[in-house]
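Those letters in the sequence shown? Residues 4 to 373, by our numbering.
Ideal Cβ placement from N, Cα and C applies to all residues, glycine included.
Notes follow once the structure below has been shown.
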Amino acid sequence: MMSLTELEERQRSLCERLERARAYLHLDERRAELAALEERLADPATWADPAQGRDLSRRYGQLRDDVELIARLERRLADVQVALEMADEDLELAEEASASIAQIEAELDVIEIRSLLAGEFDEGDAVIEIHSGAGGTDAQDWAEMMLRMYERWAQVHEFDFELDDVTEGQEAGILSATAIVRGRYAYGLLSAERGVHRLVRISPFDAQHRRQTSFASLEVIPLLEDTGGVVIDEKDLRIDTYRSSGAGGQHVNVTDSAVRITHLPTGIVVSCQNERSQLQNKAKALQILVSKLEERRREEQRAALDAIAGPRVEVAWANQVRSYVLAPYQLVKDHRSGFEDRNVQAVLDGRLDPFIEAYLAWRRQNHREP
């Protein structure tokens, strides 16, 4: 066990970290917003639009959790200080204080990640798309492995994972998949995973058991429930209905209600086949289309600013952002942050937070845009 002096130093450090957390969480502003939301939710007129009421209720719950969390940590730190002051007379109090300090440190670690997520959409839900790339059947299998990896990650965070569209591979795996991940900071966290992912392994599809390199990509955009920035004209849409592709099974419900929407001016195609009715599939596909069009609009704005400011030099390792090597050795390495993990299976089972946190810290240090 640490000495009393060391415990007191850790306690002082926690007080400083908590003070910084109050600042970057803008706690006073959150308290003011919380009070305003409480009044709106008490007004029956708010509930004339149930969707708006639900959104406000969710925001109210998030703000209340933030305010209560900081208040709880303040109380626990005050208890730690009292315990340390009495620890000379009671060693058990010192042990309890040590355990409490460790717990508070872990909670502050999680809170501090939020300071790295200050983007406009970081706190919201995300749409992810996985596409197999070079590598044939191995790449299609790798795309399915990635889909499983992100679903497991979402489960760990208790996020909702809605699989909306899957195109099965010709022999194994998948060609592509679209899913919505719903949870606080889902977009901000998953944006760290955007890019090409490279897998190196002994191919299970090669009779000669040769080593194979394959690629799959992850695209991430914020899910926009409602935006005034994008207006869709029905005349610009081609809407096709079809029977869901592939064998269904673990991926999709095989029905005749699948919907594919093509936005004719941009050529953007979205589809949804996992809802129970054609109407539901169309609504979900339109929501994803709006999100994609909004992301396209933002990219065009960034490109216009870049054209004025001049080209930016990007430091990159070929095309992939991360490599997963299963043979001849085992290692997962992020080529941006440099973070590594030799427990490849744990990573494939969804242990992605260390990579996400390392990337977010690297991004801030290097002043990179998401």
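Beta-carbon proximity check, residue i vs residue j, cutoff 8 Å
i      : j      : result
ARG43  : LEU59  : yes
ALA179 : ILE133 : The sequence given here places Ser at residue 179; Ala does not occur at that position. Result yes, Cβ atoms of SER179 and ILE133 sit closer than 8 Å.
ARG197 : LEU227 : no
GLN290 : ASN284 : no
LEU363 : ILE73  : no
VAL130 : THR49  : no
ARG67  : LEU30  : no
VAL203 : SER326 : yes
VAL324 : HIS160 : no
ALA261 : ARG246 : yes
TYR63  : GLU41  : yes
GLU88  : ARG187 : no
8 Å Cβ shell around residue i - same chain, five flanking residues per side excluded
i      : result
GLU343 : LEU334, VAL335, LYS336, ASP337
SER206 : ASP141, HIS212, ARG213, ARG214, GLN215
ALA86  : LEU96, ALA97, GLU99, ALA100, SER103
LEU267 : ASP239, LEU240, ARG241
Collapsed DSSP secondary structure at residue i in the structure displayed
i      : result
GLY249 : Its pLDDT being 49, under 50, GLY249 is placed unreliably in this model, and the value from its coordinates should be taken loosely. Residue state, collapsed to three classes: coil.
PHE358 : helix
SER206 : coil
VAL83  : helix
GLU32  : helix
VAL272 : strand
ILE235 : coil
GLN215 : strand
ARG345 : coil
TYR332 : coil
TYR188 : coil
ALA261 : strand
ALA137 : coil
LEU226 : coil
Inter-residue spacing [alpha-carbon to alpha-carbon] between residue i and residue j
i      : j      : result
GLU237 : ASP128 : 26 Å
ASP91  : SER118 : 37 Å
ASP141 : GLY176 : 8 Å
ARG162 : ASP168 : Checking the sequence shown, residue 162 turns out to be Phe, not Arg. Those two C-alpha atoms are separated by around 18 Å.
ILE183 : ALA189 : 10 Å
LEU282 : ARG34  : 40 Å
GLY136 : PHE218 : 5 Å
GLU380 : VAL70  : Coverage of the chain is limited to positions 4 through 373, which leaves residue 380 absent and any answer about it impossible.
ARG354 : PRO225 : 22 Å
PRO331 : ARG155 : 26 Å
VAL233 : ALA26  : 34 Å
ASP93  : MET152 : 48 Å
GLU108 : ASP144 : 40 Å
ARG300 : GLY122 : 16 Å
ILE235 : THR265 : 12 Å
GLU147 : LEU351 : 11 Å
ALA361 : ALA349 : 17 Å
GLU9   : PHE208 : 56 Å
ALA24  : GLN84  : 19 Å
ARG345 : VAL113 : 23 Å
Cβ of residue i within 8 Å of any chain D Cβ
i      : result
PHE208 : Protein chains in the displayed structure number just one, and chain D is not present.
Residues near residue i in its chain [Cβ-Cβ closer than 7 Å; skip 5 each side]
i      : result
ARG20  : LEU111
CYS18  : LEU80
ASN369 : none
ASP287 : One point to set straight first is that residue 287 is Lys, not Asp, in the sequence displayed. Cβ within range, chain order: ASP167, CYS275, GLU278.
6 Å CB neighbourhood of residue i in its chain, flanking five on each side removed
i      : result
ILE359 : LEU192, ALA195
ALA157 : PHE164, VAL184
Contact test: residue i Cβ vs the ligand ATP heavy atom, cutoff 7 Å
i      : result
MET148 : The ligand ATP is not part of the structure shown, which contains no ligands of any sort.
Count the C-beta pairs between the region 266–273 and the region 287–301 that are closer than 8 Å, then say yes if the count reaches three, no if not.
yes
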